Amino acid sequence: MAGEPQDDCLFCKIVGGSIPATIVRETETTVAFRDINPQAPTHVLVIPKAHYRNAAALAAEAPELAADVLRETRAVADDEQLESYRTVFNTGGGAGQTVWHAHAHVLGGRGLEWPPG
Ligand code: AMP
Ligand code: ZN
2 MAGEPQDDCL FCKIVGGSIP ATIVRETETT VAFRDINPQA PTHVLVIPKA
52 HYRNAAALAA EAPELAADVL RETRAVADDE QLESYRTVFN TGGGAGQTVW
102 HAHAHVLGGR GLEWPPG
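Per our numbering, the sequence shown starts with residue 2, numbered consecutively.
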């Protein structure tokens, strides 16, 4: 069922606490933790606690939860004192998605090129 934890999902395991992560923020519906392979001085992932396979499914099936995730990206940027930052949702393997639990990357702390690669 949409939103149910998946046994084989890395980020569901981080939500459940069976895989450790450096958690920087948590709300009733979201968790934010540092990316294990940071691409910038600040690289934090914001995820909904509930499982949705990507940002598009999250937005379509749980729009209020999608808004919670977006609100938390701003909160992470504030906590990290970032004036400028980038929020990225890789959606699909061709765009670099490797974990099939919706997540926003919050990147900042260095100059970010546009357009991205
Ligand atoms: P994506 O490639 O957009 O699906 O993003 C997945 C991200 O999860 C990558 O940036 C990985 O470095 C990150 N990642 C994978 N495993 C972990 C982990 N155990 N803890 C924190 N971040 C992770
Ligand atoms: Zn999951």
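Where a beta carbon is used, it is the ideal one built from N, C-alpha and C, also for glycine.
From a predicted model like this one, the values you see are computed outputs, not experimental measurements.
Which residue marks the beginning of the beta strand (DSSP E) containing residue i, and which one marks its end?
i: residue 59; result: Looking at the DSSP string, residue 59 is not in any beta strand (DSSP E); the run it does join, the alpha helix (DSSP H), is 56-62.
Need the endpoints of the alpha helix (DSSP H) that residue i sits in, please.
i: residue 16; result: 11-17
Please list, in chain order, all residues of the same chain as residue i whose beta carbon is under 6 angstroms from its beta carbon, the five residues on each side excluded.
i: residue 44; result: 36, 108
On the DSSP bridge assignment, give the partners of residue i in chain order.
i: residue 26; result: 33
i: residue 43; result: 109
i: residue 89; result: 106
i: residue 48; result: 32
i: residue 97; result: Answer by DSSP bridge pairing: none, since residue 97 is not bridged.
i: residue 4; result: 52
Assuming residue i and residue j make a contact with CB atoms under 8 angstroms, what is their CB distance in whole Å?
i: residue 1; j: residue 103; result: The chain is shown only over 2 to 118; residue 1 falls outside these bounds and no answer can be derived.
i: residue 60; j: residue 4; result: About 13 angstroms separates the two Cβ atoms, so there is no contact after all.
i: residue 31; j: residue 77; result: No, residue 31 and residue 77 are not in contact; Cβ-Cβ is about 10 angstroms, not under 8 angstroms.
i: residue 22; j: residue 73; result: Going by Cβ atoms, the distance from residue 22 to residue 73 rounds to 15 angstroms, so no, they are not a contact pair.
By Cβ distance below 7 angstroms, which residues in the same chain neighbour residue i in space, the five residues on each side in sequence not counted?
i: residue 92; result: 55, 56, 57, 98
i: residue 100; result: 11, 12
i: residue 40; result: 108
i: residue 83; result: 43, 109, 110
(message) Measuring CB atoms only, is the stretch 18-33 touching the stretch 87-95, in the sense that at least three cross pairs come out at less than 8 angstroms?
(response) Contact between the stretch 18-33 and the stretch 87-95 is not established, with fewer than three Cβ pairs separated by less than 8 angstroms.
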